[in-house]
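This note's numbering puts the first residue of the sequence shown at 226, with every later residue one more than the last.
Note sheet for the following structure.
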Amino acid sequence: QVQLVESGGGLVQPGGSLRLSCAASGSFFSISTMGWYRQAPGKERELVADITSGGSTHYADSVKGRFTISRDNAKNTVYLQMNSLKPEDTAVYYCNRRVGTYSYWGQGTQVTVSS
């Protein structure tokens with residue numbers, strides 16, 4: 226059974242930083258594409274960043290230059306380093322794992338950017 230457990234969310238002031246982690250259980254982590262999505266109140270869930278099994282990354286335009294996604298296959302963990310946070314980054318952040326035709330989601334972690 227695949228489980229994804231996110232951590233690292235919280236309240237931060239504008240301009241601050243947070244690092245999200247997502248620990249995955251189950252096999253085939255190293256061949257999975259891992260992604261971070263977010264959903265703000267009243268908005269649709271959107272892709273923030275993803276990273277392929279080969280390490281290629283893709284970012285939403287709104288976070289380019291501020292967020293960095295990375296993975297540690299030895300720990301079955303994907304990270305999202307978020308710098309220069311803005312109030313519009315406030316959302317529930319979800320970890321996603323895609324392998325083949327299968328897609329799995331974590332429960333989400335709240336990130337609130339406010340003074």
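Here a beta-carbon is modelled for each residue, glycine too, at the ideal position from N, C-alpha and C.
Counted as a single uninterrupted DSSP element, the beta strand (DSSP E) harbouring A249 occupies residues L243 to A249. Contact between T315 and V338 is confirmed by a C-beta separation of about 5 Å, below the 8 Å threshold.
Membership of Q335 in the beta strand (DSSP E) is indicated by the continuous run T334 to V338. Here DSSP, grouped into helix, strand and coil, assigns N308 to coil. Spatial neighbours of A285 in its own chain (CB-CB distance under 8 Å, excluding positions within 5 residues in sequence) are listed in chain order as E271, L272, V273 and A274.
If you draw a straight line from the Cα of V230 to the Cα of I294, it comes to about 16 Å.
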